[in-house]
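See structure below.
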Amino acid sequence: RAKQNNRMVLTQSILYGTVYVTTFTFVFTVASMDVKATRLVPQNVIFPLNMLAEIFLPIQGFATFLIYVRARFFRIRRLYGGRPFWFHVRETVIGSKSWAEHQRTVRAEVIRSSNMSTGAGSASPNAPNAPNYGDEDCLV
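Structural data, given as structure tokens:
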């Protein structure tokens, strides 16, 4: 479990670093060319770099947000595997349920579906066929 957590933290760190470096590579390149004087560097070289800087700088915030919610998205997708993709996105971004409420919802759905398939009466939430989505999965 600790090894998996370390790998998740490493992946998230690499993603943050990649977004940061990608964003500011173009900004620093354009800034260094501006310092040298624009007459020395042709305009057809500066313009594409300036465009890339203008595109990537605002996108950095959105990319950072996506990296931040990535772990929650994967947990929601694992918890509600059969639901549509946009349900996972909505629950990740604007979901109002706590992690414990998500777990109770899934347990209730599993119990309800097992009762329908077996024709049994009401089952307790601690039934042996109810999945265990413990809080140890909760990182956020």
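As numbered in our numbering, residues -4 to 135 make up the sequence shown, in order. Note that CB positions come from ideal geometry on N, CA and C, so glycine has one too.
Given the structure, does residue i come close to the ligand FMN, in the sense that its CB is under 7 Å from one of the ligand's heavy atoms?
{"i": "K(-2)", "result": "Because no ligand of any kind appears in the structure shown, any question about the ligand FMN cannot be addressed here."}
Rounded to a whole number of angstroms, what is the C-alpha to C-alpha distance between residue i and residue j?
{"i": "R2", "j": "R70", "result": "16 Å"}
{"i": "R85", "j": "N39", "result": "43 Å"}
{"i": "L35", "j": "A26", "result": "14 Å"}
{"i": "I106", "j": "F21", "result": "54 Å"}
{"i": "L52", "j": "V16", "result": "11 Å"}
{"i": "F68", "j": "T87", "result": "5 Å"}
{"i": "M28", "j": "G12", "result": "24 Å"}
{"i": "I50", "j": "P43", "result": "10 Å"}
Identify, in the order they occur along the chain, each residue of the same chain with its Cβ nearer than 7 Å to the Cβ of residue i, setting aside the five sequence neighbours on each side.
{"i": "Q55", "result": "V14 and T18"}
{"i": "I9", "result": "none"}
{"i": "A58", "result": "V14"}
So, at 8 Å on beta carbons, what are the nonlocal neighbours of residue i in its own chain, with the 5 sequence-adjacent residues on each side left out?
{"i": "T100", "result": "K92"}
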